[in-house]
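Chains as they are written, first to last, in numbering that gives the first Met the number 0: chain A, 0 to 770; chain B, 0 to 79; chain C, 0 to 79; chain D, 0 to 257. Worksheet: one structure, shown below.
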Amino acid sequence: MVNNMGDVTRLSLNVSDDELARISEETGTGLSVNELKEIRDYFEKEGRDPTDIELQALGQAWSEHCCYKSSKYYLKKYLFHLDAPQNIRVIKEDAGLVEFDDDHAYAVALESHNHPSAIEPYGGAATGIGGILRDVVCMGAQPVALVDPIFFAPLTTDYDELPRGVKHPKFIFSGVVSGIRDYGNRVGIPTVAGMTTFHPGYLGNCLVNVGCIGIVKKDDIIYSRVGGVGDLFVLAGGGTGRDGIHGVTFASKELADDSETSSRSAVQVGDPIMKEPLIHACLEANAKKLLTGLKDLGGGGLSCVVGEMAEAAGFGAHIDLEKVHLKEGGMLPWEIWVSESQERMMMSVTKDNLDDVLAIFDKWDVPAVVIGEVTPEERVHVFWKGEEIYDMEISFVTTGPMYQRPTEPPVRDQDGEARFETPANLEEVLIDILSSCNIASKDWVIRQYDFEVRANTTSPSLVGTANSETHADAAVVRPVEGSSRGLAITSDVNPHLVARDPYWGAASAVDETVRNLAAVGARVHSFADCLNFGNPEKPEKMWEFSMAVQGLAFVAEKVGATFVSGNVSLYNEAPAGACPPTPTIMGIGIIEDAALTATPLFKSAGDTLYLIGETKDELGASAYYRIMGADGGTVPRVDPDLLARASEALVSLIEDRTVVACHDVSEGGIAIALSEMCLGSTMGASIELHDELGPDTSLFSESNTRWICEVEPANEDAFEKALAESNVPFTKIGSTGWDRLTISHKGRQLVSLSTSKLMDAWQRPLWETMG
Amino acid sequence: MEKEVTVTIGLKKGISDPEGKNVTKALSLLGFSSVKDVTVNKRYVITLDVESEEQIEQSVREMTEKLLANPVIHHYDIAW
Amino acid sequence: MEKEVTVTIGLKKGISDPEGKNVTKALSLLGFSSVKDVTVNKRYVITLDVESEEQIEQSVREMTEKLLANPVIHHYDIAW
Amino acid sequence: MIEMRPQDIHACIVRIEGTNNEDEMYRAFKNVGATPHLVHLNELKTLDPYQCIMIPGGFSAGDYVRAGAIFASRIRSRLFDELLDFVDHGYPVGGICNGFQVLVELGLLPGDGEPGEVTACLAENDSARFECRHSLLLRTPSNPCAFTSRLPEGERLMVPSAHAEGKLLLAGGIRAYKRIEERGQVLFKYVNYANETEAPYPWNPNGSPHNIAGICNEKGNVFGMMPHPERAFDIENENGYAGRTLFESLIRYIGETF
Ligand SMILES: Nc1ncnc2c1ncn2[C@@H]1O[C@H](COP(=O)(O)OP(=O)(O)O)[C@@H](O)[C@H]1O
Ligand SMILES: [Mg+2]
Numbered sequence: 000m001v002n003n004m005g006d007v008t009r010l011s012l013n014v015s016d017d018e019l020a021r022i023s024e025e026t027g028t029g030l031s032v033n034e035l036k037e038i039r040d041y042f043e044k045e046g047r048d049p050t051d052i053e054l055q056a057l058g059q060a061w062s063e064h065c066c067y068k069s070s071k072y073y074l075k076k077y078l079f080h081l082d083a084p085q086n087i088r089v090i091k092e093d094a095g096l097v098e099f100d101d102d103h104a105y106a107v108a109l110e111s112h113n114h115p116s117a118i119e120p121y122g123g124a125a126t127g128i129g130g131i132l133r134d135v136v137c138m139g140a141q142p143v144a145l146v147d148p149i150f151f152a153p154l155t156t157d158y159d160e161l162p163r164g165v166k167h168p169k170f171i172f173s174g175v176v177s178g179i180r181d182y183g184n185r186v187g188i189p190t191v192a193g194m195t196t197f198h199p200g201y202l203g204n205c206l207v208n209v210g211c212i213g214i215v216k217k218d219d220i221i222y223s224r225v226g227g228v229g230d231l232f233v234l235a236g237g238g239t240g241r242d243g244i245h246g247v248t249f250a251s252k253e254l255a256d257d258s259e260t261s262s263r264s265a266v267q268v269g270d271p272i273m274k275e276p277l278i279h280a281c282l283e284a285n286a287k288k289l290l291t292g293l294k295d296l297g298g299g300g301l302s303c304v305v306g307e308m309a310e311a312a313g314f315g316a317h318i319d320l321e322k323v324h325l326k327e328g329g330m331l332p333w334e335i336w337v338s339e340s341q342e343r344m345m346m347s348v349t350k351d352n353l354d355d356v357l358a359i360f361d362k363w364d365v366p367a368v369v370i371g372e373v374t375p376e377e378r379v380h381v382f383w384k385g386e387e388i389y390d391m392e393i394s395f396v397t398t399g400p401m402y403q404r405p406t407e408p409p410v411r412d413q414d415g416e417a418r419f420e421t422p423a424n425l426e427e428v429l430i431d432i433l434s435s436c437n438i439a440s441k442d443w444v445i446r447q448y449d450f451e452v453r454a455n456t457t458s459p460s461l462v463g464t465a466n467s468e469t470h471a472d473a474a475v476v477r478p479v480e481g482s483s484r485g486l487a488i489t490s491d492v493n494p495h496l497v498a499r500d501p502y503w504g505a506a507s508a509v510d511e512t513v514r515n516l517a518a519v520g521a522r523v524h525s526f527a528d529c530l531n532f533g534n535p536e537k538p539e540k541m542w543e544f545s546m547a548v549q550g551l552a553f554v555a556e557k558v559g560a561t562f563v564s565g566n567v568s569l570y571n572e573a574p575a576g577a578c579p580p581t582p583t584i585m586g587i588g589i590i591e592d593a594a595l596t597a598t599p600l601f602k603s604a605g606d607t608l609y610l611i612g613e614t615k616d617e618l619g620a621s622a623y624y625r626i627m628g629a630d631g632g633t634v635p636r637v638d639p640d641l642l643a644r645a646s647e648a649l650v651s652l653i654e655d656r657t658v659v660a661c662h663d664v665s666e667g668g669i670a671i672a673l674s675e676m677c678l679g680s681t682m683g684a685s686i687e688l689h690d691e692l693g694p695d696t697s698l699f700s701e702s703n704t705r706w707i708c709e710v711e712p713a714n715e716d717a718f719e720k721a722l723a724e725s726n727v728p729f730t731k732i733g734s735t736g737w738d739r740l741t742i743s744h745k746g747r748q749l750v751s752l753s754t755s756k757l758m759d760a761w762q763r764p765l766w767e768t769m770g
Numbered sequence: 000m001e002k003e004v005t006v007t008i009g010l011k012k013g014i015s016d017p018e019g020k021n022v023t024k025a026l027s028l029l030g031f032s033s034v035k036d037v038t039v040n041k042r043y044v045i046t047l048d049v050e051s052e053e054q055i056e057q058s059v060r061e062m063t064e065k066l067l068a069n070p071v072i073h074h075y076d077i078a079w
Numbered sequence: 000m001e002k003e004v005t006v007t008i009g010l011k012k013g014i015s016d017p018e019g020k021n022v023t024k025a026l027s028l029l030g031f032s033s034v035k036d037v038t039v040n041k042r043y044v045i046t047l048d049v050e051s052e053e054q055i056e057q058s059v060r061e062m063t064e065k066l067l068a069n070p071v072i073h074h075y076d077i078a079w
Numbered sequence: 000m001i002e003m004r005p006q007d008i009h010a011c012i013v014r015i016e017g018t019n020n021e022d023e024m025y026r027a028f029k030n031v032g033a034t035p036h037l038v039h040l041n042e043l044k045t046l047d048p049y050q051c052i053m054i055p056g057g058f059s060a061g062d063y064v065r066a067g068a069i070f071a072s073r074i075r076s077r078l079f080d081e082l083l084d085f086v087d088h089g090y091p092v093g094g095i096c097n098g099f100q101v102l103v104e105l106g107l108l109p110g111d112g113e114p115g116e117v118t119a120c121l122a123e124n125d126s127a128r129f130e131c132r133h134s135l136l137l138r139t140p141s142n143p144c145a146f147t148s149r150l151p152e153g154e155r156l157m158v159p160s161a162h163a164e165g166k167l168l169l170a171g172g173i174r175a176y177k178r179i180e181e182r183g184q185v186l187f188k189y190v191n192y193a194n195e196t197e198a199p200y201p202w203n204p205n206g207s208p209h210n211i212a213g214i215c216n217e218k219g220n221v222f223g224m225m226p227h228p229e230r231a232f233d234i235e236n237e238n239g240y241a242g243r244t245l246f247e248s249l250i251r252y253i254g255e256t257f
């Protein structure tokens, strides 16, 4: 073992607690004093002091981001045991694998890139896309769709109110969208769905979540583990540089007002034109059966990938670090070992296949080099110019600490009823809600993404007449040539609801996901979750996390699909405060014949409109209350059994074309759902509501498990019979036609608006603010 | 009075520059073997209508930091 | 010997500059009312390893015409 | 003369890093019965085995310098004489989106200068952003072109557009536009539902003068267009399968000519 050779130093941990804290600070490892003591004990048994590269590796592996030390307890208790027959391999790999058809599986991954995007929106978001693509490629899967749920403070935020070090939401929003656009479009994977949500709590900590879905022949599935002793580790892709060092430890603490200068090295720009051929080369080598294992380099860099690939197969590794190709000279061994430079993949290859693999990478102009070999004993040995500088048991590195942190519900005083006077003119309120940035058209974002590259997007996020489209509830891609089966994709969460009630807010997110899928005619098949929360060391934030996870499990248990992969992002806190608790859900559904996808726009005049489900007095944190400045009220509840019954009944009705247009009811209630159905074909509707609720509640309540359906008069009986048999409540509410939306409640007309007025109110807001 | 101000924006050292790298590669594939490195900057030529010279520096710096550049990865240079 | 050469590429007169217009609009939305116009140029900073000064002009001009500029819309300027 | 059978027609789809519409292009050729080949430029030593060269869409080499510029200059430095020869023999060469940009940067379109002289540019969209939207295209009266022979003049198609640089600027200004119109080189124009050929944004997604969406050379064997017919292959729209008709035209043309 090296003693001191200039490039590597040893650190004695036999020092006071204060000294340990100082070591953690100076090395930037983010390890706590207790964690350092555990490391000290380990090295005492080894009979020596750790080297800097060993300590750095532990800092990466034991970070919140890599080892889920605060969240693991809850995930294991509530989510991980859920299972579904279609799951092939879930939770354990970079992406979840679920059966698509007899011969194919699809891979699902969802991740956050919040901290980097807050500091450098363009590069942060772009490398988020790069990272999520790698997660899918390393299963051997061809990426077929990208998804981007993104969250910002209101665009109207006053410049003078920005805290120090915080960039304006417009700058961040436009940078994030440009980053996703420039990376996604350049690698040629369509960005088909997402969300764009605004809430003041994202000031200082925007959230950038990115998801990817890939398709793989079952025979080509490959895992993140080496094949056997003697296999070679081949590192392919871009050079390793100082960029991205300490990315994971940076993502595992709060942002400070000087983060933008102090955390520069965690920020990267990303090179899609290295990634694009890298994907081709990896998939080509895998399809030719030349690889024994494949994994991407993400958080923790080489340090994590080598250990995890070896450990998964029960082996160890010998690495010659000087063989790694570098972007810049003068890098220290520990920097090379933990750098998170983008666009890199690790393969394990038998010696016999090496030449064939290198030839493929050569054709694609992608660098690939052998950096080490698989060894029998479960330890990793790293050498630098012939001398050993790292020697640890893999399980010690990868096990990491696990905490059950204290939780405490916040003290709240807003549980009572909201008090305000019902406005006389609800039509004006409707227009205000329709033109609020959370609900208005997102086509400013959507059209910057190539949502149709690969020519498999059979139903995009914008549907209807060219250049006056409305939003779809989910996008549909048809991933296998010659097969009509489609994957429906959506992402959902309403942070306003979760902030007010983490349990029911999270449950509502799953409900919304399922009903968005059902609205296009798809059966829910799998979920991925990205749990974005505040500082887990604060009991209130930990409570929010624990309640939300339970809310997710409560609904998911009953709908026949489980969380097949996901990601936890904690410490989303800036000096201005924490982000609202945001459990983003990505839902994947199967649609047997993609050509039968339902869309929300009205199809022909004189058809009957039904409401499936029941409207209740559930206006807590609704768009209506927010516009009225009202606090209080009940957050919508979920009945998971009803959700399962109702969505199955609806999907069957869409499949046999009894339902010709469908839209789920969510933010803004029935009034907004109907308005959105009038767009895209500019046909109106005439609605009469007869419930016993107040007129404003009837229009704007956000109760879960509801849809509006268009049915031809001849099919009314079939529709009513099917729902009655499934024991699903429904109401006839009106009919389509004319070019106005009129809504009356118990005989009193509340709304009469032309479709062009609706289009105008809905279409323009983002264009006018963003230019 | 009208003034033309030039803001040049480039990536800081150590930040990877895919554009520069790809141009370098393209030039070398074209046979320009003497090219060692290329970096790409953007130059905004801004025409201002201002009352005094003093205003310029301050307001152009603000524009740059609010819209054109991100000090985390960019360096910039203002000239007139 | 190493030399740094700068090639600045801009749009010819009469060719509209959408990016420049976009930036102008964005700046005015931000409240910078003094901005009359913005045009955007690209600058390639090329590091060359050459034997003589004479080579530079010739070879950089060739790079520019073969790759960096399109004669229909661009003018360019080489400096070192 | 015996016509070539479709499966004997070998189409070379040239790719480099960042071309990324080649899978759907491959599918399009396969679906009309031809034999497509995906060939990396690094491996393309000769054009001899092929009866058609297609440059697919995407972001070749990242489009970093200018859309299509790097790809074009790499073709120029390796295969240019052979490509000119290929065109002279009447074999079809086509480009979609980024491929159109490449053919323009190679001087093959509109092809009114000296061989290899660049006389046009696909400049940044007027909106200064990437535009992904469905375009209505009118098939304008033009010369017989390999790509449109089976599509009657006056037909309207719905084809997806997705690009940031699609505004066709010609050296020589007004006269040049007049010339390509007179010589029958304009294949498609962006229109609205009223078929107006001067329909503004967003019907014309990029600000292309005279709403030009696609052109060919005077002989009709080199052609390029910004919107993506290979993406409208099995999406049924107002005229059935718009994209399919174009690829069928191409195969028919090759079959009859060679
Ligand atoms: N950032 C984005 N990227 C891509 N698509 C988006 C984005 N934001 C919203 N969309 C799309 O716009 C549509 C409407 O979004 P949203 O209002 O969140 O839908 P819903 O209320 O049905 O969940 C969806 O089809 C969604 O996929
Ligand atoms: Mg490609």
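Positions of the beta carbon are idealized from the N, C-alpha and C atoms, including for glycine.
Notebook entry, point to check: Cβ atoms of A:Leu277 and A:Val369: under 8 Å apart, would you say?
Noted result: The Cβ atoms of A:Val369 and A:Leu277 do not sit closer than 8 Å to each other.
Item checked: Touch test, the segment 177-191 of chain A against the segment 435-449 of chain A, Cβ-Cβ under 8 Å, three pairs minimum -> yes
Check: Between A:Leu326 and chain B, is there a C-beta pair that is closer than 8 Å?
Finding: This sequence places Lys at residue 326 of chain A; Leu is not what is there. Chain B contact via Cβ: present.
Next item on the list: State yes or no: is the C-beta of A:Lys362 nearer than 7 Å to some heavy atom of ligand 3?
Entry: As for ligand 3, it is missing from this structure, which binds only ligand 1 and ligand 2.
Note to self: Residues in the same chain with beta-carbon distance under 8 Å from C:Ile45, minus the five sequence neighbours each way, listed in chain order, please.
What the structure shows: Short of 8 Å from the beta carbon of C:Ile45, and not among the five residues preceding or following it, lie these beta carbons of its own chain, in chain order: Glu3, Val4, Thr5, Val6, Val59, Met62.
Next item on the list: Verify the contact flag: A:Val444, CB atom, against every heavy atom of ligand 1, threshold strictly below 7 Å.
Entry: yes
Check: Which residues, in order along the segment 135-147 of chain A, keep a beta-carbon less than 8 Å from a beta-carbon of chain D?
Finding: none
Next item on the list: Quick one: using the 10 Å Cβ neighbour count with 16 as the cut-off for buried, is D:Ile52 buried or exposed?
Entry: buried
Margin query: Under 8 Å, with one C-beta from each stretch per pair, do the segment 737-754 of chain A and the segment 684-701 of chain A reach the 3-pair mark?
Written below: yes
Next item on the list: Compute the Euclidean distance between the alpha carbons of A:Lys36 and C:Met0, then round it to the nearest angstrom.
Entry: 55 Å
Checklist line | Distance, A:Leu254 Cα to A:Arg21 Cα | finding: 20 Å
Margin query: Could you give the first and the last residue of the continuous beta strand (DSSP E) run that contains D:Asn30?
Written below: That residue, D:Asn30, is in no beta strand (DSSP E); its alpha helix (DSSP H) goes 21-30.
Notebook entry, point to check: In chain B, what lies closer than 9 Å to C:Leu10 by C-beta?
Noted result: Going along chain B, no residue has its Cβ under 9 Å from C:Leu10, so there is no contact; the nearest lies around 11 Å.
Next item on the list: Let me know the secondary structure DSSP gives A:Gln762 once reduced to three states.
Entry: helix
Item checked: Span of the beta strand (DSSP E) around A:Cys529 -> Counting along the chain, A:Cys529 sits inside the beta strand (DSSP E) bounded by residues 522-531.
Margin query: Any beta carbon from chain D within less than 8 Å of B:Asn21's own beta carbon?
Written below: yes
Note to self: Below 8 Å on C-beta distance, what does C:Glu1 contact in chain B?
What the structure shows: Counting only Cβ-Cβ distances below 8 Å, C:Glu1 has contacts in chain B at Lys35, in chain order.
Check: Which chain B residues sit within Cβ distance under 9 Å of C:Val44?
Finding: The answer, in chain order, is Gly9, Gly19, Asp36, Val37, Thr38, Val39, Asn40.
Notebook entry, point to check: What are the boundary residues of the alpha helix (DSSP H) that includes A:Arg644?
Noted result: 639-654
Check: Does the segment 595-610 of chain A come close enough to the segment 645-658 of chain A to have 3 or more Cβ pairs within less than 8 Å?
Finding: yes
Note to self: Please classify D:Glu181 as buried or exposed, where buried requires at least 16 neighbouring CB atoms within 10 angstroms.
What the structure shows: exposed
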